[in-house]
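Engineer: Okay, handing you the structure first.
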Amino acid sequence: MGLEHSIAIESASQSDVCALLRAGHEQMDAMIPDRARQEFSVEAVSRDSVKLLVARIDGVAVGCCAIVLKEDHSELKKMYVSPNARRKGIADQLLVRSEQIVRENDIEIIKLESAAVLTAAHNLYARHGFSIGSAFGDHIEDPRSIFLEKQL
């Protein structure tokens with residue numbers, strides 16, 4: 235029997251979802267030790283303007299991303315898939331569902347900031363039609379970051 239996959243908007247207050255978000259945050263801290271540190275915060279993905287997508291395999295949270303809905307664009311944040319669930323299409327599914335949510339909210343562009351060292355992530359975004367953009371919102375130009383965007 236195959237593994238059952240699901241992707242749904244969920245609350246970050248669930249212990250397994252919170253643990254997944256924390257793991258992604260800690261991985262970024264370990265990979266990029268000199269990045270501007272931000273304290274982990276469930277509240278950051280619990281606002282009304284944020285849709286948190288959680289991917290599950292057989293009920294276990296294995297991936298997530300957040301879509302911040304703004305007036306003139308949306309921002310993709312917190313994309314993370316646990317190491318044991320990678321190479322199974324989870325990130326692709328999260329990205330496709332994110333785009334659907336953005337379209338449903340009549341927003342025409344998705345933007346994101348990514349660490350320059352995350353080449354696998356950049357390849358994922360390129361496969362989905364993202365191209366190089368520029369700093370936006372509170373982000374500033376930084377050689378350790380890459381800004382990507384996609385017009386829907």
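Counting the sequence shown from 1 gives a position; my numbering is that position plus 234. Virtual Cβ for every residue (Gly too), placed ideally from N, Cα, C.
What's the call for E375, buried or exposed, on a 16-neighbour Cβ count within 10 Å?
Structural biologist: Flag for E375 reads exposed.
Engineer: Hey, which unbroken runs of the beta strand (DSSP E) at 3 residues or more fall wholly within the segment 345-377?
Structural biologist: The segment 345-377 contains no whole beta strand (DSSP E) run of 3 or more residues.
Engineer: When you compare the segment 292-306 with the segment 259-268, are there three or more beta-carbon pairs, one atom per stretch, that lie closer than 8 Å?
Structural biologist: With a cut-off of 8 Å, the segment 259-268 and the segment 292-306 do not count as touching, because too few Cβ pairs lie within range.
Engineer: Is the segment 298-314 touching the segment 324-337 in the sense that three or more CB pairs, one from each, lie closer than 8 Å?
Structural biologist: The segment 324-337 vs the segment 298-314: in contact.
Engineer: For V279 versus A246, is the C-beta spacing smaller than 8 Å?
Structural biologist: Yes, the pair counts as a contact, with Cβ atoms nearer than the cut-off.
Engineer: Anyone know if the C-beta pair for A257 and S316 falls short of 8 Å?
Structural biologist: Closer than 8 Å, so yes.
Engineer: Answer with buried or exposed for E238, where buried requires no fewer than 16 other C-beta atoms within 10 angstroms of its C-beta.
Structural biologist: Result: exposed.
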